[in-house]
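**Student:** Same order as they appear, the protein sequences are chains A and B.
Quick note: the first sequence uses my numbering, first residue 83, plus one each step.
Quick note: the second sequence uses my numbering, first residue 2, plus one each step.
Once you've had a glance at the structure underneath, I'll fire off some questions.
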Amino acid sequence: MIIFSISGIIRGFQKCIPLGISVGSYGLVYGMLASKAGLTLAQALVMCLTVFAGASQIIALELWHSPLPIAAILITTFIVNSRHVLMGAAIQPWVGQLSPIKAYGSLFFCADENWALSIKAFKSGEADGGFFLGSGLCIYVFWVTAAWIGYLGGLIVEDPSVYGLDFAFIAVFIVLALSLWQGKRELLPWTVAAATATAAHILLPGKWYILIGALSGSLLEGWRYGRK
Amino acid sequence: MDANSQAYLTILGMAVITYLTRVTGLFLTNRIRMTPRTEIILKSLPGTIVVSIVAPALLTAGLAEIIAGTFTGLVAWKTRNLLFALLVGVLSVWALRQLIA
């Protein structure tokens with residue numbers, strides 16, 4: 083893979099449309115929650131355009147209370163998005179062949195969905211590095227547009243809990259958790275994370291329980307590796 | 002600083018941090034060898050993070066939420082359809098709240 087062409091970008095965009103639609107449904111929820119959390123439409127959309135990372139954006143909305151807990155939001159953003167480090171390392175055999183501007187430019191648009199799609203495409207012979215950028219642009223367009231529509235919908239619906247819409251956040255993360263489940267090996271770290279996080283949620287103020295739960299589960303996983 | 006500037010400052014910080022996580026993997030791959038243990042910890046983080054978000058929210062909510070959460074999970078597991086699972090979750094929590102309250 084050495085080329086990077088417009089036709090590769092277009093191919094990536096087209097192949098990614100089904101994934102874009104599912105990201106769009108998630109974007110609707112983000113937009114709706116953003117209007118409930120008190121962000122202006124401009125703030126909600128600027129966040130989509132510049133951060134472009136769904137899970138971390140929705141978690142930021144959970145933390146969005148006045149006065150803004152800026153440090154907690156930034157630390158949580160880092161922890162939630164730290165998986166990108168591994169994703170970037172995994173796609174290096176292909177993206178690493180591109181010029182730095184093309185490689186680091188394409189990586190701005192790297193989302194879970196188009197990253198997985200591109201790795202699959204490159205492994206089955208896709209020879210155009212533009213595929214990765216095009217598929218990312220597709221996710222980007224769906225994400226921003228859906229957030230916009232969701233925000234406007236959120237303004238119409240006055241009290242989301244009357245319709246059960248406050249539950250959408252929990253539902254999204256249940257679905258997300260299931261999609262991350264890779265087998266029985268996850269059982270122990272996940273149980274520890276759930277128990278520690280719930281205990282910390284009851285005992286401590288603020289949202290530190292997310293970090294405490296995640297780190298206790300994952301560090302246990304690292305410790306367990308050393309024992310084998 | 003007014004609330005609007007604080008909000009944009011926070012968003013800018015999130016954007017910079019997120020972009021750094023996106024480029025760091027490619028940047029480091031040729032320079033540093035990750036130990037298997039670090040790799041395992043990083044790999045398990047997405048799952049434990051999501052669980053740490055959802056478990057406390059679900060377990061400290063109420064009976065309606067726990068039952069609706071189970072429905073959502075079952076539908077997501079069986080259909081692999083995010084939008085449909087969301088619909089089932091929201092509709093069932095709405096119905097269960099009417100019944101239980």
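C-beta: ideal position from N, C-alpha, C; glycine also.
Measure how close the beta-carbons of A/W176 and A/G211 come, nearest whole angstrom, since I'm counting them as under 8 angstroms.
**Tutor:** With a Cβ gap of about 7 angstroms, A/W176 and A/G211 count as contacting.
**Student:** When you compare only the Cα positions, how much space is there between A/I92 and A/L258?
**Tutor:** 28 angstroms
**Student:** DSSP on B/D3, reduced to helix/strand/coil?
**Tutor:** In the three-state reduction of the DSSP assignment, B/D3 falls in the coil class, being assigned neither a helical nor a strand state.
**Student:** Less than 8 angstroms between CB atoms is the rule here; does A/T159 satisfy it with respect to chain B?
**Tutor:** With its beta carbon less than 8 angstroms from one in chain B, A/T159 belongs to the interface.
**Student:** Apart from the five residues on each side of it in sequence, which residues of its chain come closer than 8 angstroms, Cβ to Cβ, to A/S138?
**Tutor:** Excluding sequence neighbours, A/S138 sits near T158, T159, V162, N163.
**Student:** Take B/G90 and list the residues in its own chain whose beta-carbon comes closer than 6 angstroms to its own, dropping the five residues that flank it on each side.
**Tutor:** A69, T73
**Student:** Leaving out five residues on either side along the sequence, give the residues of the same chain with a beta carbon under 8 angstroms from the beta carbon of A/F213.
**Tutor:** G90, I91, R93, G94, K97, S200, A203, F204
**Student:** Counting only Cβ pairs nearer than 9 angstroms, list the residues of chain B close to A/Y112.
**Tutor:** Result: empty, since nearest Cβ-Cβ is about 12 angstroms, beyond 9 angstroms.
**Student:** Is the Cβ-Cβ distance between A/A193 and A/G106 less than 8 angstroms?
**Tutor:** No.
**Student:** Is any beta-carbon of chain A found at less than 8 angstroms from that of B/T1?
**Tutor:** Outside the displayed span of chain B (2 to 102) sits residue 1 of chain B, for which this structure offers no information.
**Student:** Check the Cβ-Cβ distances between B/G90 and every residue of chain A, and say whether any is below 8 angstroms.
**Tutor:** yes
**Student:** In angstroms, rounded to a whole number, what distance separates the CA positions of A/A116 and A/I292?
**Tutor:** 20 angstroms
**Student:** Looking at chain B, is there any beta carbon in it that lies within less than 8 angstroms of the beta carbon of A/E208?
**Tutor:** no
**Student:** Return yes when the Cβ of B/I18 is within less than 8 angstroms of the Cβ of A/L168, no when it is not.
**Tutor:** With respect to B/I18, A/L168 sits apart: the two C-beta atoms are not nearer than 8 angstroms.
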